[in-house]
Amino acid sequence: MGNYFLDSLRADIFTVGIQRNPLLSADSNEADDNESKHVIVQTALLDKDTSSIANMNVILRQVADPRAEPVYEDGRLNAILVEILDQFHSRVGASTTPESVSSTGLVLFPIEAFEFLLALFEKDGEAEAFPIAILAGDARFSFRDAISSAFITTTTVETPTGSTEQVGLELPQLSPHPDCFCLPVDFEIFALFFKHLNHSNTGISSSSQLVSAPASDTFDVFFATVEPKKSRSEATAKSKALHTSFKHQFVRFTPGDCDLLWGMMSFDDGARCFSMDTLLALLAQTGWDFDLFSVIHWELLGRLKRQEHRESEHYQSVLIEAGVKSWRTFYHMEQQSETDVITRVLRLQLARWFYELEAYENVLEILMPWRDEAYQASNADDVDIFYLLGLASLRSDEYWTALSYFRICGRLAPTKTKFQRQVARTLLALQTLKSSSNSSNESGISLT
538 MGNYFLDSLR ADIFTVGIQR NPLLSADSNE ADDNESKHVI VQTALLDKDT
588 SSIANMNVIL RQVADPRAEP VYEDGRLNAI LVEILDQFHS RVGASTTPES
638 VSSTGLVLFP IEAFEFLLAL FEKDGEAEAF PIAILAGDAR FSFRDAISSA
688 FITTTTVETP TGSTEQVGLE LPQLSPHPDC FCLPVDFEIF ALFFKHLNHS
738 NTGISSSSQL VSAPASDTFD VFFATVEPKK SRSEATAKSK ALHTSFKHQF
788 VRFTPGDCDL LWGMMSFDDG ARCFSMDTLL ALLAQTGWDF DLFSVIHWEL
838 LGRLKRQEHR ESEHYQSVLI EAGVKSWRTF YHMEQQSETD VITRVLRLQL
888 ARWFYELEAY ENVLEILMPW RDEAYQASNA DDVDIFYLLG LASLRSDEYW
938 TALSYFRICG RLAPTKTKFQ RQVARTLLAL QTLKSSSNSS NESGISLT
């Protein structure tokens, strides 16, 4: 799972703090040295009319202790939340676990991710759906981390009975773009989820591992397996083998390796060091990641052209399929249009790549936004796109369509003679086709 997939699912947010109340001795009004401590839980509320980060206002409101009054109808989810709270100091100030939290914490409870996983796992009688393995990574975040005072805000709110102070919260976020808001994922909470899943009566067993990259203390990787409950020895042996393999591979792999690999491919032309099959396998392993595809697609095309004819036919269809799958993973932010500068360059490069593979239908599909607005075209920067549309249409024997695109090019760039020459050639081709058609018709008449 890509980390932004989990980040994008709704999470419930709770702040947890320890309230210390001095104990008064029975004989006097003076405070005793001892203190009574209990957990204060607040939920973070977001205005339903919030439309962007700019007007996002998160307000904290105290809620009853989930240990006394359940937050979730699903007892499994509530049990996980309660176990998190048990990590904090208890009411009497005694630590309930060796790793109990001493002061405050921010609980990002991934409610929608858990609901998604439960729906995935609860396949009654569908043994073929298992085993399931999950691998996910994200920047490190933990409810054990104390909330910085910098994240707490206060505002004065006017009420009919007088002004009151309202406590708010500024949330930590992982945003690839200023207009995209993502909360981090707390994999410790995910580990608790899988532990409870393993102890439930769902007919499945699960186990999980949470590890940090050896060369980075800012990135965590989470691995879990889920399978039907079998004999204890069989299930344990299979699960243990998977987890051992994962830890063995991961201990030698760091984010630095990933950066080096991509850097070598993109900046040092390192893709040439890998075989064509290896590059395609790497692309498939990343889930047809479009960023990786953008780095290696021209290298793949160059390899194809050096193949023998018998092999090139096979690899041509393989590359076209890889290009289509990778394009499906491309996304752009909401404020970007399909024809803005960045997206236009990407589409044009990909369309040229498909053109070299003689995949003309894919060229026309990639450049669809310009096809729909061809007759209103007025941007001279789009002339290369319309020229490629014309060439692809010509190769597809769509001569009249090709002629219209070449005429648009001539209108947008009247000083470039190559467009006028292409118009003339297309008109000549149409005239030749018409003459051939007339000759065929005359021959048919004379024969009859």
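Quick note: to get our numbering, add 537 to the position in the sequence shown (first position is 1).
Backbone N, C-alpha and C fix where the C-beta goes; we use that ideal spot for every residue, glycine too.
*Tell me whether residue 758 sits in a helix, a strand or coil according to DSSP, three-state version.*
Position 221 of the sequence shown holds residue 758. DSSP places residue 758 in strand when its eight states are reduced to three.
*asked:* Just to confirm my understanding: we take residue 836, look at its own chain, exclude 5 residues before and 5 after, and list those with CB closer than 6 Å. What are they?
replied: Walking along the sequence shown from the start, residue 836 turns up at place 299. The residues are 808.
*Give the single residue among 957, 603, 548, 829 whose Cα lies nearest to the Cα of residue 939.*
As a first step, residue 939 is located in the sequence shown; it is residue number 402 there, counting from the start. Of the residues 957, 603, 548, 829, the one whose Cα lies closest to the Cα of residue 939 is 957.
*Same chain, Cβ closer than 6 Å to residue 923, neighbours up to 5 away in sequence not counted*: The sequence position of residue 923 within the sequence shown is 386, counting from 1. Closer than 6 Å at Cβ, skipping near neighbours: 942, 945, 946.
*When you compare only the Cα positions, how much space is there between residue 678 and residue 729?*
Here residue 678 refers to the residue found at position 141 of the sequence shown. Here residue 729 refers to the residue found at position 192 of the sequence shown. Using only the alpha carbons, I get a separation of about 15 Å.
*Cα separation between residue 907 and residue 892?*
Walking along the sequence shown from the start, residue 907 turns up at place 370. Walking along the sequence shown from the start, residue 892 turns up at place 355. For residue 907 and residue 892, the distance between alpha carbons rounds to 16 Å.
*Nearest-angstrom Cα separation, counted from residue 840 out to residue 813*: Working through the sequence shown from its first residue, we reach residue 813 at position 276. Working through the sequence shown from its first residue, we reach residue 840 at position 303. Each residue's alpha carbon lies about 7 Å from the other.
_Quick check on the burial criterion: 16 or more other C-beta atoms within 10 angstroms. Buried or exposed for residue 612?_
As a working mapping, residue 612 is identified with position 75 in the sequence shown. Looking at its Cβ environment, which holds fewer than 16 other Cβ atoms inside 10 Å, residue 612 is exposed.
*Terminal residues of the beta strand (DSSP E) in which residue 672 lies*: Here residue 672 is taken as the residue at index 135 of the sequence shown, counted from 1. For residue 672, the enclosing beta strand (DSSP E) stretches over residues 669-676.
*Please state whether DSSP places residue 581 in a helix, a strand or coil.*
Taking the first residue of the sequence shown as position 1, residue 581 is located at position 44. Note: residue 581 maps to strand in three-state DSSP.
*Taking buried to mean at least 16 other C-beta atoms within 10 Å of its own C-beta, is residue 764 buried or exposed?*
The count along the sequence shown starts at 1 and reaches residue 764 at position 227. By the 10 Å Cβ count, residue 764 comes out buried.
_Measuring straight from C-alpha to C-alpha, what distance separates residue 554 and residue 642?_
Counting from one through the sequence shown, the residue named residue 554 turns up at place 17. Counting from one through the sequence shown, the residue named residue 642 turns up at place 105. Cα to Cα, residue 554 sits roughly 7 Å from residue 642.
*Which residue's Cα is closest to the Cα of residue 604: 621, 680, 671?*
Walking along the sequence shown from the start, residue 604 turns up at place 67. Closest option to residue 604, Cα to Cα, is 621.
*For the alpha helix (DSSP H) holding residue 730, just list the boundary residues, first then last.*
Sequence index remark: in the sequence shown, residue 730 carries index 193 (1-based). Element bounds for residue 730: 724-736.
*Cβ-based burial, residue 543 [other Cβ within 10 Å; buried from 16]*: Along the sequence shown, one-based indexing puts residue 543 at 6. The residue is buried, with at least 16 neighbouring Cβ atoms inside 10 Å.
*Might you give, ordered along the chain, the residues of its own chain that have their beta carbon closer than 8 Å to the beta carbon of residue 725, omitting 5 neighbours on each side?*
Position 188 of the sequence shown, counted from the first residue, corresponds to residue 725. Within the same chain, residue 725 has close Cβ partners 679, 680, 681, 747.
*Between 761, 965, 675, 645, which lies nearest to residue 684 when the distance is taken from Cα to Cα?*
As a position in the sequence shown, residue 684 is number 147, starting the count at 1. When each option's Cα is compared against that of residue 684, the closest is 645.
*Is DSSP giving residue 952 helix, strand or coil here?*
Numbered from its first residue, the sequence shown carries residue 952 at position 415. If DSSP states are grouped into helix, strand and coil, residue 952 belongs with coil.
*With 7 Å set as the bound, which would you pick, yes or no: does the beta-carbon of residue 598 sit closer than that to a beta-carbon of chain C?*
Note that chain C does not occur in the displayed structure, where there is just one protein chain.
*Exposed or buried, residue 598, counting other C-beta atoms within 10 Å across all chains shown (16 or more means buried)?*
Start at 1 with the first residue of the sequence shown, and residue 598 comes out as number 61. Burial call: exposed.
_So, with DSSP's three-state summary, where would you put residue 552?_
Translated into positions along the sequence shown, residue 552 becomes position 15. DSSP places residue 552 in strand when its eight states are reduced to three.
*asked:* Looking at the secondary structure, which residues open and close the beta strand (DSSP E) in which residue 646 lies?
replied: Working through the sequence shown from its first residue, we reach residue 646 at position 109. 642-646 is the extent of the beta strand (DSSP E) around residue 646.
*Is residue 916 buried or exposed, if buried means 16 or more other CB atoms sit within 10 Å of its CB?*
If you number the sequence shown from 1, residue 916 lands on position 379. Exposed, because fewer than 16 other Cβ atoms sit within 10 Å of the Cβ of residue 916.
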